[in-house]
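*Asks:* Chains A and B, in that order, give the protein sequences. Quick note on numbering: the first sequence equals residues 2 to 315 in this note's numbering. Quick note on numbering: the second sequence equals residues 46 to 407 in this note's numbering. The beta carbon of each residue, even a glycine, is placed where N, CA and C say it ideally should be. This structure is in structure tokens; I'll ask about it shortly.
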Amino acid sequence: MDISEQLGSATTQDEVEPFLELAPELVQKRRSQGRIIWDRFIRNRAAVVGAAALLVLVLFCFVGPYIWTLNPDSLNALSATSTLANPTLAHPLGTDDVGRDTLARAMYGGRVSLLVGFISMLMAIVFGIGIGSFAGYYGGAVDNILMRFTDIVLAVPLYLLLFVLSAAFVDGTPKSVIFLIAILTWTYAARLVRGEFLALKEREFVMASRTIGAGNFRLMFRHILPNAAGPIIVNATLLIGTNIILESVLSYFGFGIQPPTSSWGSMIATGESFFDVDPFLVFVPGLLIFFTVLSFNLVGDGLRDALDPQMTER
Amino acid sequence: MGEYLLEVQDLKTYFKVKAGKVRAVDGVSFAIKPGEKLGVVGESGCGKSVTALSIMRLLPQPPAEMAGGSVLFDDQDLLDVPESTMRKIRGGKIGMIFQDPMTCLNPTMTVGKQIGEALRIHLKVSKDEAQKRAISLLEQVGIPAAAERINSYPHQFSGGMRQRVMIAIALACNPKLLIADEPTTALDVTVQAQILELINGVCSDFGTAVMIITHDLGVVAGMTDRVVVMYAGKVMETAPTDELFANPRHPYTLGLLSSVPRLDEVRHSQLRTIEGAPPDLLKPPPGCPFMPRCAFARAICRTMPPLEALPGNSAHFKACWVDVTDPQEQAYAEKRRQTRIEKVLAATNAQLASTQPVSEEK
Numbered sequence: 002m003d004i005s006e007q008l009g010s011a012t013t014q015d016e017v018e019p020f021l022e023l024a025p026e027l028v029q030k031r032r033s034q035g036r037i038i039w040d041r042f043i044r045n046r047a048a049v050v051g052a053a054a055l056l057v058l059v060l061f062c063f064v065g066p067y068i069w070t071l072n073p074d075s076l077n078a079l080s081a082t083s084t085l086a087n088p089t090l091a092h093p094l095g096t097d098d099v100g101r102d103t104l105a106r107a108m109y110g111g112r113v114s115l116l117v118g119f120i121s122m123l124m125a126i127v128f129g130i131g132i133g134s135f136a137g138y139y140g141g142a143v144d145n146i147l148m149r150f151t152d153i154v155l156a157v158p159l160y161l162l163l164f165v166l167s168a169a170f171v172d173g174t175p176k177s178v179i180f181l182i183a184i185l186t187w188t189y190a191a192r193l194v195r196g197e198f199l200a201l202k203e204r205e206f207v208m209a210s211r212t213i214g215a216g217n218f219r220l221m222f223r224h225i226l227p228n229a230a231g232p233i234i235v236n237a238t239l240l241i242g243t244n245i246i247l248e249s250v251l252s253y254f255g256f257g258i259q260p261p262t263s264s265w266g267s268m269i270a271t272g273e274s275f276f277d278v279d280p281f282l283v284f285v286p287g288l289l290i291f292f293t294v295l296s297f298n299l300v301g302d303g304l305r306d307a308l309d310p311q312m313t314e315r
Numbered sequence: 046m047g048e049y050l051l052e053v054q055d056l057k058t059y060f061k062v063k064a065g066k067v068r069a070v071d072g073v074s075f076a077i078k079p080g081e082k083l084g085v086v087g088e089s090g091c092g093k094s095v096t097a098l099s100i101m102r103l104l105p106q107p108p109a110e111m112a113g114g115s116v117l118f119d120d121q122d123l124l125d126v127p128e129s130t131m132r133k134i135r136g137g138k139i140g141m142i143f144q145d146p147m148t149c150l151n152p153t154m155t156v157g158k159q160i161g162e163a164l165r166i167h168l169k170v171s172k173d174e175a176q177k178r179a180i181s182l183l184e185q186v187g188i189p190a191a192a193e194r195i196n197s198y199p200h201q202f203s204g205g206m207r208q209r210v211m212i213a214i215a216l217a218c219n220p221k222l223l224i225a226d227e228p229t230t231a232l233d234v235t236v237q238a239q240i241l242e243l244i245n246g247v248c249s250d251f252g253t254a255v256m257i258i259t260h261d262l263g264v265v266a267g268m269t270d271r272v273v274v275m276y277a278g279k280v281m282e283t284a285p286t287d288e289l290f291a292n293p294r295h296p297y298t299l300g301l302l303s304s305v306p307r308l309d310e311v312r313h314s315q316l317r318t319i320e321g322a323p324p325d326l327l328k329p330p331p332g333c334p335f336m337p338r339c340a341f342a343r344a345i346c347r348t349m350p351p352l353e354a355l356p357g358n359s360a361h362f363k364a365c366w367v368d369v370t371d372p373q374e375q376a377y378a379e380k381r382r383q384t385r386i387e388k389v390l391a392a393t394n395a396q397l398a399s400t401q402p403v404s405e406e407k
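Laid out in structure tokens, this is it:
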């Protein structure tokens, strides 16, 4: 290859390169809003780890029992060796004081804990959005009444009220615990939504939608609420973690989920008295709670960053 | 329906604040014929936008207070009709576009949905039908590849394109009147002309009357049929556009016109301005609000002159006691201007003289 040829190829490359660089940008379809948020979330390593851990935990609780088919409630108390057993092949995480398989119980307990956390979050968020959006949008007397009501609920010591109410009303089924947690945790969501509505209702696009004849409900739920979705989703994610802990605390003190149904909290409560003999009974549900809540918090933080409109498009 | 599409009579909009009442709009009257293009000009804070928002009844009450007057539209007084009727008029019969297209579109909704929304509210069309019409509207406001762009979000559009989308939204239901509140202020100069042309063209096609609010006299000169000049919440002068520019009869209009920089003027000559600042609308001066800044001011100006037609020209109205074309009045004004300049000069010199020793000591 002689020099002129080399020069020739170099120049053509120089001339072609910039166009090649530009071309994909021009051809490529613009990323949608959702795609941008997804890309940002994926780039946050901690959040991805959290999300992966959550996926594993959900599979563990909801698919696991189909693979590990031992009955969590079957008693093996007849043989002395199978109560409070150390991990063996038959029972990878050992057994409890009446010979029930800890692994199977952790799976079923996790179902209850996750469901209680998730459903009570949903209820709390829906209620919080209802209260917060009306208070924030209408302002004035409506705001005053709704927010003072919220303040009252907030002012009551949470755990005290939880214990009193659960002792009086909770019959130990997951449903009653979900209700109890939901009616005490909607307050933060309500305040958050109210704040978002207060700020967003002054925005020009709300005024602009008013000029095309949009009514109050359309403004509230079609225009303002979607713009508040980011903070609400973040709050919801974090709330699941909080609610799982609340459920565990309740069950630990014997006010929550009642036997024979188990949750991670009630597993800790029963395992506690055998801690010196078989620490697994406490560590297994304890660590599961720990990792679940940690994962939810990591995902929540990741979502907060990904959904933040102030963040520049990356 | 009478001769006019919109008739604003003695409109008064006050704002209650701690210190009292701000008379933002204080007895404004004007009218728009079907298909007419009306310009409303005035400096910042003179009540142009508040007038527009009062017509649309979009001011939060309180603090705003509709203290009086009427807004006749389609034989209805918009200040009296129930909110449900008003909602049908907004977007259905009166469209509105705002100054800043960057903030006026909902960032979480596709532009197609936002254009279709007005159609869905007023004409109760199906989703598919709304999308179809949104595409044709987008084409009409000059956005290429409308069928694809319909699913874009506002952040994927430039400022000029967003203003085009706003226009499409405002005109979606073929309203009789379009209120444009400084539609080009936030835009690039080159885009401004395009947008004005678009508003002009589309509204002529649709037969829509336009009320365009601006502080840019160039905008008014280019596209309106009539002009209303506002100052401190009052109408100072109103006339057909050509007439107003050729033959201004109010001292304030004179001041506005002479403070526009001109290309054919001698270079480096000083830009003329109107001395002073607009009055505090909390405590407006009795009589003509322009009096404190007016070179033509006389004792009679302490009472507010009525907005009256010029003798011999029933289309040209002014609210001024003085005939500014009278040479005697002009001489009087010139003398007052000179005295003022001398006074200001003397005061400045005195100040300079008193500060000089201090600077020398250093």
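On the premise that B:Lys57 lies in contact with B:Gly136, defined as a C-beta separation below 8 Å, what is that separation, rounded to the nearest angstrom?
*Replies:* Actually they are not in contact, since the Cβ atoms of B:Gly136 and B:Lys57 sit about 26 Å apart, beyond 8 Å.
*Asks:* Using only the alpha-carbon positions, how far apart do B:Met311 and B:Glu379 sit?
*Replies:* Strictly speaking, residue 311 of chain B in this sequence is Val, with Met absent from that position. The straight-line gap from Cα to Cα measures roughly 21 Å.
*Asks:* Among B:Thr283, B:Gln144, B:Thr393, which residue has its Cα nearest to the Cα of B:Ser359?
*Replies:* Out of B:Thr283, B:Gln144, B:Thr393, B:Thr283 has the C-alpha closest to the C-alpha of B:Ser359.
*Asks:* Closest by CA to B:Asp250, which one among B:Val234, B:Tyr297, B:Leu182, B:Lys93?
*Replies:* With distances taken between Cα atoms, B:Asp250 lies closest to B:Leu182.
*Asks:* Leaving out five residues on either side along the sequence, give the residues of the same chain with a beta carbon under 7 Å from the beta carbon of A:Glu314.
*Replies:* Its pLDDT being 46, under 50, A:Glu314 is placed unreliably in this model, and the coordinates cannot settle the point.
*Asks:* Looking at the structure shown, is B:Arg135 part of a helix, part of a strand, or coil, going by DSSP?
*Replies:* Here B:Arg135 sits in strand by DSSP.
*Asks:* Quick check on A:Ile153: buried or exposed, where buried means 16 or more other Cβ atoms within 10 Å of its Cβ?
*Replies:* When all chains shown are included, A:Ile153 counts as exposed.
*Asks:* How about B:Ala163: is its C-beta nearer than 8 Å to some C-beta of chain A?
*Replies:* So yes, B:Ala163 belongs to the interface.
*Asks:* Using a C-beta to C-beta distance shorter than 7 Å, which residues of chain B count as neighbours of A:Pro227?
*Replies:* Ordered by position in chain B, the residues that pass the 7 Å Cβ test against A:Pro227 are Thr153.
*Asks:* By the three-class DSSP mapping on this structure, what secondary structure does A:Arg192 have?
*Replies:* In this structure, A:Arg192 counts as helix in the three-state DSSP scheme.
*Asks:* Please tell me whether A:Thr212 has its Cβ less than 8 Å away from any Cβ of chain B.
*Replies:* Interface residue, yes.
*Asks:* Using a beta-carbon distance below 8 Å, is A:Met208 in contact with chain B?
*Replies:* True, the Cβ-Cβ gap to chain B drops below 8 Å.
*Asks:* Could you please tell me which residues of the segment 367-390 of chain B, in chain order, have their CB closer than 9 Å to any CB of chain A?
*Replies:* Correct list: empty, as no residue qualifies.
*Asks:* Could you give the C-beta distance for A:Ser296 and A:Gly51, rounded to a whole number, given that I count them as a contact under 8 Å?
*Replies:* Yes, A:Ser296 and A:Gly51 are in contact; Cβ-Cβ is about 4 Å, under 8 Å.
*Asks:* If we count the other Cβ atoms within 10 Å of its Cβ and call it buried at 16 or more, is A:Phe291 buried or exposed?
*Replies:* So A:Phe291 counts as exposed.
*Asks:* Which residues mark the beginning and the end of the alpha helix (DSSP H) in which B:Ser249 is found?
*Replies:* First-last of the alpha helix (DSSP H) with B:Ser249: 234-251.
*Asks:* Output needed for B:Leu241: all residues of its chain with C-beta closer than 7 Å, excluding positions within five of it in sequence on either side, in chain order.
*Replies:* Same-chain partners within the cutoff: Thr229, Val264, Gly267, Met268.
*Asks:* For A:Ser121 and A:Thr186, which I take to be in contact (beta-carbon distance under 8 Å), what is that distance rounded to the nearest angstrom?
*Replies:* Correct: roughly 7 Å between the Cβ atoms.
*Asks:* State yes or no: is the beta carbon of A:Gly137 nearer than 8 Å to at least one beta carbon in chain B?
*Replies:* Not closer than 8 Å to any Cβ of chain B, the Cβ of A:Gly137 fails to qualify, so no.
*Asks:* In the structure shown, what three-state DSSP assignment does B:Lys63 receive?
*Replies:* In the structure shown, B:Lys63 sits in coil (DSSP, three-state: anything other than H, G, I, E or B).
*Asks:* Quick check on the burial criterion: 16 or more other C-beta atoms within 10 angstroms. Buried or exposed for A:Tyr67?
*Replies:* Exposed, by the Cβ-count rule.
*Asks:* Less than 8 Å between the C-beta atoms of B:Met256 and B:Val85, yes or no?
*Replies:* Contact flag set, yes.
*Asks:* Quick one: using the 10 Å Cβ neighbour count with 16 as the cut-off for buried, is A:Trp39 buried or exposed?
*Replies:* Exposed.
*Asks:* Should A:Ser274 go down as buried or exposed, given a rule of 16 or more other Cβ atoms within 10 Å for buried?
*Replies:* Result: exposed.
*Asks:* B:Met349 to B:Cys365, Cα distance in whole Å?
*Replies:* If you take the alpha carbons of B:Met349 and B:Cys365, they lie about 8 Å apart.
*Asks:* Could you name the residues of the segment 97-122 of chain B whose beta carbon sits closer than 8 Å to any beta carbon of chain A, in the order they occur along the chain?
*Replies:* Hits within the stretch, in order: Met101, Leu103.
*Asks:* For a cutoff of 8 Å on Cβ pairs, would you count B:Arg132 as touching chain A?
*Replies:* It does: the Cβ of B:Arg132 has a partner Cβ on chain A nearer than 8 Å.
*Asks:* Check whether the Cβ atoms of B:Arg347 and B:Glu320 sit closer than 8 Å, and answer yes or no.
*Replies:* Going by C-beta atoms, B:Arg347 is not nearer than 8 Å to B:Glu320.
*Asks:* Below 8 Å on the Cβ atoms is my guess for B:Met141 versus B:Met206; work out the distance and round it to an integer in Å.
*Replies:* About 19 Å separates the two Cβ atoms, so there is no contact after all.
*Asks:* I want to see whether chain B comes within less than 8 Å of A:Leu27, judged by CB atoms only; does it?
*Replies:* With a pLDDT of 45 at A:Leu27, under the threshold of 50, the modelled position of this residue cannot be trusted; read the value that follows with caution. False, the Cβ-Cβ gap to chain B never drops below 8 Å.
*Asks:* First and last residue of the alpha helix (DSSP H) that includes B:Lys82?
*Replies:* Looking at the DSSP string, B:Lys82 is not in any alpha helix (DSSP H); the run it does join, the beta strand (DSSP E), is 82-86.
*Asks:* Listed in chain order, which residues of the segment 204-219 of chain B have Cβ atoms closer than 7 Å to some Cβ of chain A?
*Replies:* For the segment 204-219 of chain B, which is checked against every Cβ of chain A, the residues closer than 7 Å are Ile214.
*Asks:* Would you call A:Thr96 buried or exposed, if buried means 16 or more other Cβ atoms sit within 10 Å of its Cβ?
*Replies:* With 16 or more Cβ atoms within 10 Å of its Cβ, A:Thr96 is classed as buried.
*Asks:* Our contact map puts A:Ile246 next to A:Val294 with C-beta atoms below 8 Å; I'd like the distance itself, whole angstroms only.
*Replies:* Between A:Val294 and A:Ile246 the Cβ distance is about 6 Å, and since that is below 8 Å, they are a contact.
*Asks:* So, at 8 Å on beta carbons, what are the nonlocal neighbours of B:Phe200 in its own chain, with the 5 sequence-adjacent residues on each side left out?
*Replies:* Reading off the sequence, residue 200 of chain B comes out as His, not Phe. Same-chain partners within the cutoff: Pro152.
*Asks:* Taking the alpha carbon of B:Glu374 as the point to measure from, which residue in B:Leu352, B:Ala392, B:Ala391, B:Arg343 has its own alpha carbon closest?
*Replies:* That would be B:Arg343, whose Cα lies nearest to the Cα of B:Glu374.
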